[in-house]
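7 is the number of the first residue of the sequence shown in the working numbering; add one for each residue after it.
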Amino acid sequence: MSGAQARVNPGVVALIPASILWGTTGTVASFLPAEVSPLAVGSATMGVGGVLLFVVSLRSSVSAVRDRAALRWLLVGSIGVVVYPLAFYAAMNLAGVAIGNVVALGSGPVFAAFFEWLWERRRPGLVWIACTVTAVAGIALLASGGSTRGDHGAANPLPGVLLGLLAGIAYALYTYASSRAIGLGLPSRGVMGGMFGLGSIGLLPVLILTGAPILNSALSVGISAYLAIGPMLVAYLLFGFALVTLRSSSATTITLLEPLVATLLAVVVVGERLAIVGWIGLALVLAGVTVMSAARHPDN
Numbered sequence: 007m008s009g010a011q012a013r014v015n016p017g018v019v020a021l022i023p024a025s026i027l028w029g030t031t032g033t034v035a036s037f038l039p040a041e042v043s044p045l046a047v048g049s050a051t052m053g054v055g056g057v058l059l060f061v062v063s064l065r066s067s068v069s070a071v072r073d074r075a076a077l078r079w080l081l082v083g084s085i086g087v088v089v090y091p092l093a094f095y096a097a098m099n100l101a102g103v104a105i106g107n108v109v110a111l112g113s114g115p116v117f118a119a120f121f122e123w124l125w126e127r128r129r130p131g132l133v134w135i136a137c138t139v140t141a142v143a144g145i146a147l148l149a150s151g152g153s154t155r156g157d158h159g160a161a162n163p164l165p166g167v168l169l170g171l172l173a174g175i176a177y178a179l180y181t182y183a184s185s186r187a188i189g190l191g192l193p194s195r196g197v198m199g200g201m202f203g204l205g206s207i208g209l210l211p212v213l214i215l216t217g218a219p220i221l222n223s224a225l226s227v228g229i230s231a232y233l234a235i236g237p238m239l240v241a242y243l244l245f246g247f248a249l250v251t252l253r254s255s256s257a258t259t260i261t262l263l264e265p266l267v268a269t270l271l272a273v274v275v276v277g278e279r280l281a282i283v284g285w286i287g288l289a290l291v292l293a294g295v296t297v298m299s300a301a302r303h304p305d306n
């Protein structure tokens, strides 16, 4: 094996800080006043963040939107961009930060592999299968591991889990569509800017209808700004860079670091509790992500 082959994929390196940033979203959002709805949080995060992504990559974003071959995938992905934050933040509100995160992100690799099979008839590799089965088993243990919301109100897990699955489908959809557009030879920044810019067209009206309570306090404005700039703008620039060298199914498996980070923060900061089976689930997620991160990806 040559040194070049053994070198860690730079896309994997980029996904680690992106996943950590995403993992902070639920805990940070939990400090918003109760009158700020999940729809407002989601539309502010990805609606405003989508505009920022488009603007910071303006020239390449416009070029991507004007590319007729890429526009199809940008429009497909923008559907996921609209659905994901609304379902994701609602799932965390109903089921708790830990369960909402692990269901949404844990189901992502499965749906991403399905999209690859649907459009490309590509069968997942053995490493992906082993890592994803391990991580998803951990996700299942987490979701059933007795996580509660402590002093922050009773969780409503079933509707939250269903919304988490919807978020997982949306997440996999825009991840897959991004990788297809980047595969046409377009810059990753332009693809992400174009896709999230199109998605913001659907999210900003939701923000206008639901977002007034955000303006009632400096804390709410500050939290919303952090969510739009950190977990949205910075993380998705890193995510786009990663998709240049990773397939969507591999990327979504590695980003299972996000629910791990989110669960730890939910327990330590928010006060949610996790039974022993949940901690076993965390260990399985970490094991699956670690092996996937260390593996070479010759087909990506």
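Where is the CB? At the ideal position from N, CA and C, for every residue including glycine.
Cβ neighbours of residue 289 within its own chain (closer than 8 Å, five residues either side excluded): 144.
Per DSSP, reduced to three states, the secondary structure at residue 128 is coil, with no helix or strand assignment. Across the structure, residue 92 and residue 49 are spaced so that their CA atoms are roughly 7 Å apart. Shown here, residue 253 sits in coil according to DSSP, grouped into three states, outside any helix or strand.
Runs of alpha helix (DSSP H) with 4 or more residues, each lying fully within the segment 54 to 114, are found at 55 to 62, 64 to 72, 74 to 101, listed in chain order. Nearest to residue 53 by C-alpha distance, out of 116, 35, 206, 46, is 206. Counting other Cβ atoms within 10 Å of its Cβ, residue 37 stays below 16 and is therefore classed as exposed. Pairing residue 199 with residue 67 gives a Cβ-Cβ distance under 8 Å. Contact between the segment 24 to 37 and the segment 262 to 269 is established, with three or more Cβ pairs separated by less than 8 Å.
For residue 244, the closest alpha carbon among the candidates 40, 176, 181, 140 is that of 181. Inter-residue distance for residue 99 and residue 191 is about 39 Å (C-alpha atoms, whole angstroms). In the DSSP assignment, residue 198 falls within the alpha helix (DSSP H) that extends over 194 to 216. About 17 Å separates the CB atoms of residue 227 and residue 45; that is not less than 8 Å, and the two are not in contact. Between residue 70 and residue 187, the CB-CB gap stays under 8 Å. In the DSSP annotation of this structure, residue 36 is not part of any alpha helix (DSSP H), being labelled neither H nor E. In terms of Cα proximity to residue 148, the closest of 217, 81, 95, 291 is 291. Between the alpha carbons of residue 257 and residue 21 lies a distance of about 8 Å. Annotation for residue 264: the continuous alpha helix (DSSP H) segment containing it runs 263 to 271. Sequence-distant partners of residue 77 (beyond 5 residues in either direction) whose C-beta falls short of 7 Å from its own C-beta, in its chain, are 71.
Of the residues assessed, residue 123 falls on the exposed side of the cut-off, its CB having fewer than 16 other CB atoms within 10 angstroms. Out of 74, 58, 57, 103, the CA that lies nearest to the CA of residue 264 is found in 103. Boundaries of the alpha helix (DSSP H) around residue 44: 44 to 49. Looking at the DSSP output, residue 186 shares a beta bridge with no other residue. About 4 Å separates the CB atoms of residue 97 and residue 106; that is less than 8 Å, so the two are in contact.
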